[in-house]
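Asker:
Protein chains: 2
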Amino acid sequence: MMTIKKKYLVSPGPTPVPESVLAEAARPLIHHRTPEFSDALMEVMRGLQYVFGTKNNVFLLTSSGTGAMEAAVVNTLCARDEVLVINGGKFGNRWTEICREYHITTHEVTLQWGQDYPKEKLRQELSLNSNIKAVFSTLSETSTGAVYDIKGYGELLKQKEILHIVDGISGLGAMPCQMDDWNIDVLIGGSQKVFMVPPGLSYIAFSPKAWTFTQKSSLPKYYFNAQKAQQSLGKKTTPYSPAISLILQQRKALEVIREIGLEKLIKHHSVLGRACRAGVKELSLKLIAENPGNALTAVQVPSGINGLKLLDIMHHKHNVYIAGSQAPHKGEFFRISHLGYMSRFDMIIALSALEMSLSEMGYEFELGEPIKAAEKILKEDL
Amino acid sequence: MMTIKKKYLVSPGPTPVPESVLAEAARPLIHHRTPEFSDALMEVMRGLQYVFGTKNNVFLLTSSGTGAMEAAVVNTLCARDEVLVINGGKFGNRWTEICREYHITTHEVTLQWGQDYPKEKLRQELSLNSNIKAVFSTLSETSTGAVYDIKGYGELLKQKEILHIVDGISGLGAMPCQMDDWNIDVLIGGSQKVFMVPPGLSYIAFSPKAWTFTQKSSLPKYYFNAQKAQQSLGKKTTPYSPAISLILQQRKALEVIREIGLEKLIKHHSVLGRACRAGVKELSLKLIAENPGNALTAVQVPSGINGLKLLDIMHHKHNVYIAGSQAPHKGEFFRISHLGYMSRFDMIIALSALEMSLSEMGYEFELGEPIKAAEKILKEDL
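Protein chains in written order, with our numbering: chain X, 2 to 383; chain P, 2 to 383.
1. Closer than 8 Å is the cut-off here; do at least three beta carbon pairs connect the stretch 260-271 of chain P with the stretch 119-139 of chain P?
2. Alpha carbon to alpha carbon, how far is P:Ser208 from P:Lys159?
3. Counting along the chain, where does the beta strand (DSSP E) carrying X:Ser203 start and finish?
4. Within the same chain, show all residues whose beta-carbon is closer than 8 Å to that of P:Pro240, passing over the 5 residues directly before and after it, in chain order.
5. Which residue from X:Ser358, X:Ala354, X:Ser219 and X:Ile245 puts its Cα closest to that of X:Ala41?
6. Could you tell me whether any Cβ in chain X is nearer than 7 Å to the Cβ of P:His317?
7. Just to confirm, are X:Ala290 and X:Gly115 a CB contact at a threshold of 7 Å?
8. Give the DSSP bridge partners of X:Gln301, in chain order.
9. Report the neighbours of P:Ile99 on chain X: residues whose CB is nearer than 7 Å to its CB, in chain order.
10. Using beta carbons (cut-off 7 Å, strictly below), is P:Leu30 in contact with chain X?
11. Less than 6 Å between C-beta atoms, sequence neighbours within five positions excluded: which residues of the same chain meet that for X:Gly153?
12. Between X:Thr4 and chain P, is there a C-beta pair that is closer than 7 Å?
13. Determine, for X:Val18, whether the minimum Cβ-Cβ distance to residues of chain P falls below 7 Å.
14. Determine the direct distance from the alpha carbon of P:Pro303 to that of X:Gly68, and round the result to whole angstroms.
15. Closer than 9 Å by beta-carbon distance: list the chain C residues that pair up with P:Thr67, in chain order.
16. Answer yes or no: do P:Thr63 and P:Pro243 have a C-beta to C-beta separation smaller than 7 Å?
17. I need the straight-line Cα distance from X:Thr77 to X:Ile166, nearest angstrom please.
18. Count the other CB atoms, across all protein chains shown, that sit within 10 Å of the CB of P:Asn356; report buried if there are 16 or more and exposed otherwise.
19. Using DSSP bridges, identify the partner residues of X:Glu83.
20. Please report the straight-line C-alpha distance between X:Gly325 and P:Glu333, rounded to a whole angstrom.
21. Short of 7 Å Cβ to Cβ, which residues in the stretch 245-273 of chain X face chain P?
22. Checking contacts by CB at 7 Å: is X:Thr63 closer than that to chain P?
23. Grab me the residues of P:Lys217's own chain with a C-beta within less than 8 Å of its C-beta, minus the 5 sequence neighbours each way, in chain order.
24. Can you list the alpha helix (DSSP H) stretches of 4 or more residues lying completely in the stretch 221-278 of chain X, in chain order?
25. P:Tyr9 CB to nearest chain X CB: under 7 Å?
26. Below 8 Å on the Cβ atoms is my guess for X:Leu288 versus X:His339; work out the distance and round it to an integer in Å.
27. Going by Cα to Cα distance, which pick from P:Leu379, P:Leu284, P:Met348 and P:Ile350 is closest to P:Gly363?
28. Tell me where the beta strand (DSSP E) around P:Thr35 begins and ends.
29. Which chain X residues sit within Cβ distance under 8 Å of P:Ala296?
30. Just the chain P side, please: which residues come within less than 9 Å of X:Ser131 by C-beta, in chain order?
31. Relative to the C-alpha of X:Glu37, which residue among X:Thr238, X:Ile151 and X:Gly190 is closest?
32. By alpha-carbon positions, which one of P:His319, P:Ala276, P:Ile314 and P:Gly341 ends up nearest to P:Leu379?
33. Determine the chain P residues that contact X:Ser12 at a beta-carbon separation under 8 Å, and present them in chain order.
34. Any C-beta of chain P sitting closer than 7 Å to the C-beta of X:Ala24?
35. Would you say P:Thr102 lies against chain X (beta-carbon separation less than 7 Å)?
36. Going straight from the alpha carbon of X:Lys373 to that of X:Leu273, what length do you get?
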């Protein structure tokens with residue numbers, strides 16, 4: 002080692018894990034068929050219900066978030082059902098891919114990356130086809146930082162026999178999202194986002210309306226079978242060996258979240274997001290999202306700057322791990338996260354590393370001004 | 002707490018995790034799209050190849066072992082294919098359940114729990130049906146402790162256009178199993194067994210013959226798609242956010258395994274298994290498995306003793322967590338594990354707790370004799 006290299010994780014997943022949550026994983030393992038584990042599982046479920054804003058059971062799956070997305074599809078639909086996917090980026094596109102793999106007739110609203118999709122457009126779209134069984138959307142599209150009017154979509158779908166299925170993976174806990182009040186029928190989360198735990202767990206809840214679909218669903222499923230998970234939860238357990246250590250970590254992290262309180266946690270994310278965008282604006286850089294959210298900020302690489310080289314400097318010279326952009330937009334933008342266990346100084350670090358990197362690459366701006374703009378807003382974070 | 006309660010985990014999954022492996026999970030999280038993580042992933046893959054006895058890629062799935070079992074089915078077969086399942090217990094039965102969920106025509110050899118199934122019987126069975134596309138078997142049936150002649154089955158299937166699909170979850174590393182030499186086409190493992198890591202990861206490898214089936218397989222799959230995993234592995238990564246902390250723990254645990262060496266590790270398991278059975282024999286108790294293996298020993302509860310009460314005393318009075326028997330045989334037998342990070346003294350503890358519990362329940366035997374019988378064999382463990 003040539004110098005002291007402290008590493009900073011400022012990516013939208015995995016997000017940093019609090020020290021107390023890391024330490025939890027170092028305790029000796031307990032068995033999952035014990036009252037001790039059952040108590041932990043139920044406590045985690047109640048914590049997840051709090052963040053989801055729901056009275057429905059929230060199931061813990063040992064899988065990436067993608068597993069929970071597949072679970073949403075295979076438990077509610079049948080082959081040749083017609084569905085509508087609002088595809089605003091890599092993760093919206095994943096809904097389409099999963100549905101088509103299961104021979105679901107998938108109509109897609111294909112947005113430009115970052116483009117908004119107001120409720121009115123959804124109303125028009127739905128008026129064109131009366132066979133739609135489900136609308137798939139994304140609370141916060143991790144590939145672009147864009148957020149969508151999930152509450153508005155829920156109002157449209159409430160009285161209809163259409164399921165409202167939402168990928169909340171990177172938005173939950175960072176911005177308002179109330180499953181029950183917003184008429185969401187299937188909602189999904191992931192441990193490595195606001196939940197402050199390493200990746201490996203995903204979360205899924207079904208509304209009473211979604212359960213009626215589940216009874217009719219004929220798609221094949223085994224590991225992701227929600228009815229089996231429901232039966233097991235009745236016995237305070239999971240159908241298969243769960244990721245015990247991650248679940249105990251989640252219990253600890255939910256203590257942290259409950260101590261802060263959901264409202265304050267969302268406010269904190271909002272402040273960090275606005276501070277980040279104020280810094281970026283000072284650099285005269287363009288945001289990718291028309292309607293940017295609290296979880297992350299995606300920023301266009303300015304012309305004349307090589308985006309991959311910029312990331313390389315951020316990662317390997319400054320040891321600040323922000324995210325790049327994903328295919329088919331590789332190198333075109335970068336993403337700074339303000340999701341999960343992030344303090345105001347994580348924003349300062351990210352912006353400072355960005356200032357130094359861009360400056361080094363010959364991009365012209367007044368050094369220190371972005372930080373100054375961010376600090377003005379960060380003062381709001383109590 | 003009324004007294005000092007040290008807890009002992011002597012169950013066949015999860016198995017105890019070495020202290021150095023627990024500590025690994027307490028380190029700050031790294032991002033999975035980094036050279037640092039790619040190096041870890043490839044190192045783990047090479048370690049898994051060593052234990053699997055294969056040159057094939059071994060894929061890491063973020064799921065329980067059941068997820069890998071489903072992956073074996075959906076990646077190789079088509080609906081209405083005919084397959085044969087050797088069902089010797091709860092986990093053999095799981096192969097049947099998964100296959101039938103995917104509308105595979107599933108012929109089942111239903112064994113008594115613990116019953117052996119010699120190679121010759123498989124030969125006869127196969128001679129009755131020339132349409133069989135795959136034979137599903139279990140290296141070590143965790144519900145009974147029985148092991149099967151996987152090497153012999155492989156000899157039978159070698160020259161045929163039939164896949165040899167083996168659940169190695171609780172046997173791998175505890176007893177010989179060489180994927181390439183034994184003609185196994187799909188082999189599965191799980192992190193919480195001999196691999197000495199908490200549950201949450203499963204492992205799967207495909208032979209070149211299995212890959213030809215994969216190209217023709219038409220079953221729907223997304224999260225468990227092996228071809229996508231193969232493409233990602235070419236880029237030293239995984240298709241979806243992996244359970245990073247568990248993978249780093251697996252790297253550490255594989256160091257432990259490599260240091261011991263596979264041959265010696267298997268010998269150690271063999272000694273512990275024999276010592277356990279010698280102790281049980283001294284208690285005049287009957288084994289469930291005709292052909293018991295090195296991973297665990299399942300023992301019939303003697304008449305006059307309440308099996309659930311026995312477990313309760315073991316768990317809550319002695320704090321020794323052995324496993325019970327699973328439905329539909331609940332309460333009929335118990336299972337002592339000698340799998341994974343177990344020392345000779347874990348066997349002494351398990352047998353001692355068993356002696357004290359049975360004695361307390363009025364079962365008659367010479368106290369201390371089971372331990373004595375075990376010690377005679379444990380002396381072989383170097």
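Think of the CB as a built atom: it goes at the ideal place given N, C-alpha and C, for glycine as much as any other residue.
Answerer: On the basis of the data shown:
1. no
2. Against the second sequence, residue 208 of chain P aligns to sequence position 207. Against the second sequence, residue 159 of chain P aligns to sequence position 158. Distance between the alpha carbons of P:Ser208 and P:Lys159 is about 12 Å.
3. As a first step, residue 203 of chain X is located in the first sequence; it is residue number 202 there, counting from the start. Counting along the chain, the beta strand (DSSP E) containing X:Ser203 begins and ends at Leu202 to Phe207.
4. Residue mapping note: residue 240 of chain P aligns to position 239 of the second sequence, counting from 1. Hits under 8 Å: Asn226, Lys229, Ala230, Gln232 and Ser233.
5. In the first sequence, counting from the first residue as 1, residue 41 of chain X sits at position 40. The candidate whose alpha carbon is nearest that of X:Ala41 is X:Ile245.
6. Indexing the second sequence from 1 puts residue 317 of chain P at position 316. By this cut-off, P:His317 is not an interface position.
7. Within the first sequence, residue 290 of chain X is the residue found at index 289, counting from 1. Within the first sequence, residue 115 of chain X is the residue found at index 114, counting from 1. In contact: X:Ala290 and X:Gly115 (Cβ atoms closer than 7 Å).
8. As a position in the first sequence, residue 301 of chain X is number 300, starting the count at 1. Its beta-bridge partners are X:Phe334.
9. In the second sequence, the residue the question calls residue 99 of chain P occupies position 98. Within chain X, the residues near P:Ile99 are Tyr223.
10. In the second sequence, the residue the question calls residue 30 of chain P occupies position 29. Chain X contact via Cβ: present.
11. For the purposes of this step, residue 153 of chain X is taken as the residue at position 152 of the first sequence. Contacts found: Lys120.
12. Counting from 1 along the first sequence, the entry for residue 4 of chain X is found at position 3. X:Thr4 does not count as touching chain P.
13. Here residue 18 of chain X refers to the residue found at position 17 when the first sequence is read from its first residue. Answer yes: the Cβ-Cβ gap between X:Val18 and chain P drops below 7 Å somewhere.
14. As a working note, residue 68 of chain X is residue 67 in the first sequence. As a working note, residue 303 of chain P is residue 302 in the second sequence. Their backbone Cα atoms lie some 44 Å apart in a straight line.
15. Reference to chain C is not applicable here, since the protein chains of this structure are X and P.
16. As a working mapping, residue 63 of chain P is identified with position 62 in the second sequence. As a working mapping, residue 243 of chain P is identified with position 242 in the second sequence. Yes, the Cβ-Cβ distance between P:Thr63 and P:Pro243 is below 7 Å.
17. In the first sequence, the residue the question calls residue 77 of chain X occupies position 76. In the first sequence, the residue the question calls residue 166 of chain X occupies position 165. Approximately 10 Å, taken between the alpha carbons.
18. Translated into the one-based positions of the second sequence, residue 356 of chain P becomes position 355. First, the amino acid is wrong: residue 356 of chain P is Glu here, not Asn. Classification for P:Glu356: buried.
19. By 1-based counting over the first sequence, the position of residue 83 of chain X is 82. Paired residues: X:Thr106 and X:Ile133.
20. For the purposes of this step, residue 325 of chain X is taken as residue 324 along the first sequence, with counting starting at 1. For the purposes of this step, residue 333 of chain P is taken as residue 332 along the second sequence, with counting starting at 1. About 57 Å.
21. Ile245, Ser246 and Leu247
22. Here the question's residue 63 of chain X lines up with position 62 in the first sequence. Closer than 7 Å: yes.
23. Here residue 217 of chain P refers to the residue found at position 216 when the second sequence is read from its first residue. Only Cys79 meet the Cβ criterion.
24. 227-235 and 245-261
25. Counting from 1 along the second sequence, the entry for residue 9 of chain P is found at position 8. Chain X contact via Cβ: absent.
26. Translated into the one-based positions of the first sequence, residue 288 of chain X becomes position 287. Translated into the one-based positions of the first sequence, residue 339 of chain X becomes position 338. X:Leu288 to X:His339, Cβ: 14 Å. No contact.
27. As a first step, residue 363 of chain P must be located in the second sequence, where it is residue number 362. For the residues P:Leu379, P:Leu284, P:Met348 and P:Ile350, the minimum Cα distance to P:Gly363 belongs to P:Leu284.
28. Here residue 35 of chain P refers to the residue found at position 34 when the second sequence is read from its first residue. Run containing P:Thr35: none; DSSP gives neither H nor E here.
29. Taking the first residue of the second sequence as position 1, residue 296 of chain P is located at position 295. Those do not exist, as P:Ala296 stays about 15 Å from chain X at its closest Cβ, beyond 8 Å.
30. To locate residue 131 of chain X, count along the first sequence from 1; it is residue 130. Residues of chain P passing the Cβ test: none, with the nearest at roughly 27 Å.
31. Along the first sequence, read from residue 1 onward, the residue named residue 37 of chain X stands at position 36. That would be X:Thr238, whose Cα lies nearest to the Cα of X:Glu37.
32. Position 378 of the second sequence, counting from 1, holds the residue named residue 379 of chain P. Checked all of P:His319, P:Ala276, P:Ile314 and P:Gly341; the closest Cα to P:Leu379 is P:Ala276.
33. Taking the first sequence and counting its residues from 1, one reaches residue 12 of chain X at position 11. The answer, in chain order, is His32.
34. Position 23 of the first sequence holds residue 24 of chain X. Cβ-Cβ to chain P under 7 Å: yes for X:Ala24.
35. Translated into the one-based positions of the second sequence, residue 102 of chain P becomes position 101. Going by the sequence as given, residue 102 of chain P is Glu instead of Thr. Answer yes: the Cβ-Cβ gap between P:Glu102 and chain X drops below 7 Å somewhere.
36. In the first sequence, residue 373 of chain X corresponds to position 372, counting from 1. In the first sequence, residue 273 of chain X corresponds to position 272, counting from 1. Each residue's Cα considered, the two are about 14 Å apart.
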